[in-house]
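Report on the structure given below.
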Amino acid sequence: MSKPTNKPPRPGTQPVQPPHEQSAPLISVILPVRDAEATLASALRSVARQRFRRFECLVVDDGSR
Numbered sequence: 002m003s004k005p006t007n008k009p010p011r012p013g014t015q016p017v018q019p020p021h022e023q024s025a026p027l028i029s030v031i032l033p034v035r036d037a038e039a040t041l042a043s044a045l046r047s048v049a050r051q052r053f054r055r056f057e058c059l060v061v062d063d064g065s066r
C-alpha cells in the first residue's frame, strides 16, 4: 500500500468548483403524506428555506381522510 503524500497539486491543476446554480441539476423533493395537515405547512416551509433554488417539490397524498 502506498503512503499518502503531502505534495502540493501539480501546476496547472485546480480543485473542482461546484457548478453554477443555473447549470446545477434540478432536484426533486418528494413529500409523501397521509393525514399530515398538522405538519405539511412546516415541511413545505423547510423546503422553501433551502439555499439551493433549483428544486421542485411534489406532495403525494396517500389516502388522507
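Quick note, the sequence shown lines up with residues 2 to 66 if you use my numbering. For glycine and all other residues, C-beta sits at the position ideal for the given N, C-alpha and C.
- When secondary structure is reduced to three states using DSSP, Leu59 falls in the strand class.
- Between Arg66 and the set Leu41, Asp36, Pro9 and Ile31, the nearest pair of CA atoms involves Asp36.
- Between Gly64 and the set Pro9, Val34 and Val30, the nearest pair of CA atoms involves Val34.
- The Cβ atoms of Ala42 and Leu32 do not sit closer than 7 Å to each other.
- Just so you know, the alpha carbons of Val60 and Arg54 end up roughly 17 Å apart.
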